[in-house]
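Trainee:
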DNA sequence: TCTCATGTAACTTCATATGATGCGTGATAT
DNA sequence: ATATCACGCATCATATGAAGTTACATGAGA
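Residue numbers (the working numbering), protein chains in the order written: chain R, 1 to 154; chain L, 1001 to 1154.
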């Protein structure tokens, strides 16, 4: 079962966009994501419709953040992507009248629902601003490490 | 994203097998599951290797339960299937060195791990005996309902 | 020894996600 | 004005993996 990495990908793009306010073309974002510009547009379409990003045509056009990073959570982005499937497993439904199947699906379905709910709850607890802050902390950490290494060279 | 229903399917088969101790052929189980006998064998192979079921060749052969239903949980069956993917989503890993990707994957990965862990924990809490009991309760319920309806006809 | 049933490997569909192409529309620079 | 740039979108191509199918070998019992 191949895993869907659109959410991971679009967050990657958003964080790159968050670093400065200049519009980024689909082509540039596609290069950064090792994918096709059309795929970028396809993914971003949902976010644009929800007002999280905006796009401009023509010279100097491209994509730009259009929301408060403190207000938008991973769950919002997940939903803007069209709520892709979370679980790779599911219930059989070939024989809805079969009591065996009903018993099995009841037990599995409960576990599935709980896991999905937990994941969405966690998504709802993380804002884009938190992600961006984490990135900047990592960036600072790496820079300091680099400085330290350089200091040792002196 | 098409959902994997092997776990649901194999539990269905096991519950049918649990109803009586006569061997069931792959062909009969395949009919009950609307699938091919070879698919049944393929799925059951893992359970056989773990000793949860046993198969016999030749006349009167087929599949039979070979474990204590009280001791075996959904998690055991899940593992006997080869631990199929639980989540349909995952992290991008195209650019492991990218700090943005690290930040994104850290946040998502934590949520993913928690959801998977919860699901497996729930699986571990349900035994095959519980499923079978639930089925029998449903069966009794339906029979009583049927009796009641019949009583009204009189 | 004939039939039945599993054990496997190899092959064929089939569904779906992703990538690619082409053309239309609007915005900006010259 | 018009040439260029960038998105919008429909459509087609490709790749991947699960499920289904076929074929044949092996072993057990009638």
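Cβ coordinates follow ideal geometry from the N, Cα and C atoms, glycine included.
1) Please report the straight-line C-alpha distance between residue 1112(L) and residue 100(R), rounded to a whole angstrom.
2) Could you confirm whether any beta carbon from chain L is found closer than 8 Å to the beta carbon of residue 26(R)?
3) Taking the alpha-carbon positions, what's the residue 1061(L) to residue 1029(L) distance?
4) Within 7 Å: the Cβ of residue 112(R) and any heavy atom of the ligand MN?
5) Quick one, are the C-beta atoms of residue 1052(L) and residue 1072(L) less than 8 Å apart?
6) Please specify which runs of the beta strand (DSSP E), each continuous and at least 3 residues long, are wholly inside the stretch 1025-1109 of chain L, giving them in chain order.
7) Could one say the Cβ of residue 1091(L) lies closer than 8 Å to chain R's Cβ atoms, at least one of them?
8) How about residue 1115(L) and residue 119(R): do their beta carbons lie closer than 8 Å?
9) Taking residue 1131(L) and residue 1015(L) to be in contact with their CB atoms under 8 Å, please state how far apart those CB atoms are, rounded to whole angstroms.
10) Taking 8 Å as the CB-CB limit, is residue 46(R) close to chain L?
11) Cβ atoms of residue 36(R) and residue 1008(L): under 8 Å apart, would you say?
12) Report the neighbours of residue 1016(L) on chain R: residues whose CB is nearer than 7 Å to its CB, in chain order.
13) Going by other Cβ atoms of all chains shown within 10 Å of its Cβ, with 16 needed for buried, is residue 1140(L) buried or exposed?
14) Please classify residue 6(R) as buried or exposed, where buried requires at least 16 other C-beta atoms within 10 Å of its C-beta.
15) List, in order along the chain, the chain L residues whose C-beta lies closer than 8 Å to that of residue 4(R)?
16) With DSSP as the reference, label residue 20(R) as helix, strand or coil.
17) Residues of chain R with CB closer than 7 Å to the CB of residue 1105(L), please, in chain order.
18) Look at the alpha carbon of residue 98(R) and the alpha carbon of residue 76(R), and state the distance between them as a whole number of angstroms.
19) By the criterion of Cβ-Cβ separation under 8 Å, what are the contact partners of residue 1114(L) in chain R?
20) Quick one: which chain L residues come within Cβ less than 8 Å of residue 134(R)?
21) Using C-beta distances below 7 Å, list every residue in its chain close to residue 1066(L), excluding the 5 sequence neighbours before and after it, in chain order.
22) For residue 1040(L), collect the residues of the same chain with a Cβ closer than 6 Å to its Cβ; drop the 5 residues on either side in sequence, then sort them by chain order.
Mentor: According to the structure data:
1) Within the second chain, the letter at position 112 stands for residue 1112(L). Within the first chain, the letter at position 100 stands for residue 100(R). So the two alpha carbons sit approximately 31 Å from each other.
2) Position 26 of the first chain holds residue 26(R). For residue 26(R), the answer is no, since every Cβ of chain L falls outside 8 Å of its Cβ.
3) Working through the second chain from its first residue, we reach residue 1061(L) at position 61. Working through the second chain from its first residue, we reach residue 1029(L) at position 29. Cα to Cα, the separation comes out at about 13 Å.
4) In the structure on display, the ligand MN does not appear, and there are no ligands present to speak of.
5) Taking the first residue of the second chain as 1, we reach residue 1052(L) at position 52. Taking the first residue of the second chain as 1, we reach residue 1072(L) at position 72. Taking the C-beta atoms as reference points, residue 1072(L) is found nearer than 8 Å to residue 1052(L).
6) 1053-1056, 1062-1065
7) Along the second chain, one-based indexing puts residue 1091(L) at 91. Interface residue, yes.
8) Position 115 of the second chain, counted from the first residue, corresponds to residue 1115(L). Position 119 of the first chain, counted from the first residue, corresponds to residue 119(R). Going by C-beta atoms, residue 1115(L) is nearer than 8 Å to residue 119(R).
9) Here residue 1131(L) corresponds to residue number 131 of the second chain, with the count starting at 1. Here residue 1015(L) corresponds to residue number 15 of the second chain, with the count starting at 1. With a Cβ gap of about 6 Å, residue 1131(L) and residue 1015(L) count as contacting.
10) Within the first chain, numbered from 1, the residue matching residue 46(R) stands at position 46. Residue 46(R) does not count as touching chain L.
11) The residue given as residue 1008(L) occupies position 8 in the second chain. The residue given as residue 36(R) occupies position 36 in the first chain. Going by C-beta atoms, residue 1008(L) is not nearer than 8 Å to residue 36(R).
12) Taking the first residue of the second chain as position 1, residue 1016(L) is located at position 16. The answer, in chain order, is 100.
13) For the purposes of this step, residue 1140(L) is taken as the residue at position 140 of the second chain. So residue 1140(L) counts as exposed.
14) Locating residue 6(R) in the first chain gives position 6, counting from the first residue. Classification of residue 6(R): buried, given that the 10 Å Cβ count is 16 or more.
15) The residue you call residue 4(R) lines up with position 4 of the first chain. Within chain L, the residues near residue 4(R) are 1001, 1088, 1089, 1090.
16) Looking up residue 20(R) in the first chain gives position 20. Of the three classes helix, strand and coil, the one that applies to residue 20(R) here is coil, per DSSP.
17) Locating residue 1105(L) in the second chain gives position 105, counting from the first residue. The answer, in chain order, is 8.
18) Here the question's residue 98(R) lines up with position 98 in the first chain. Here the question's residue 76(R) lines up with position 76 in the first chain. In this structure, the CA atom of residue 98(R) is about 38 Å from the CA atom of residue 76(R).
19) Indexing the second chain from 1 puts residue 1114(L) at position 114. Those are 118, 119, 122, listed as they occur along chain R.
20) Reading the first chain from its first residue, position 134 is the one you call residue 134(R). Here the neighbours are 1103, 1106, 1107.
21) In the second chain, the residue the question calls residue 1066(L) occupies position 66. Closer than 7 Å at the Cβ level, and outside the excluded window around residue 1066(L), lie 1051, 1052, 1053, 1054.
22) Taking the second chain and counting its residues from 1, one reaches residue 1040(L) at position 40. Closer than 6 Å at the Cβ level, and outside the excluded window around residue 1040(L), lie 1026, 1029, 1030.
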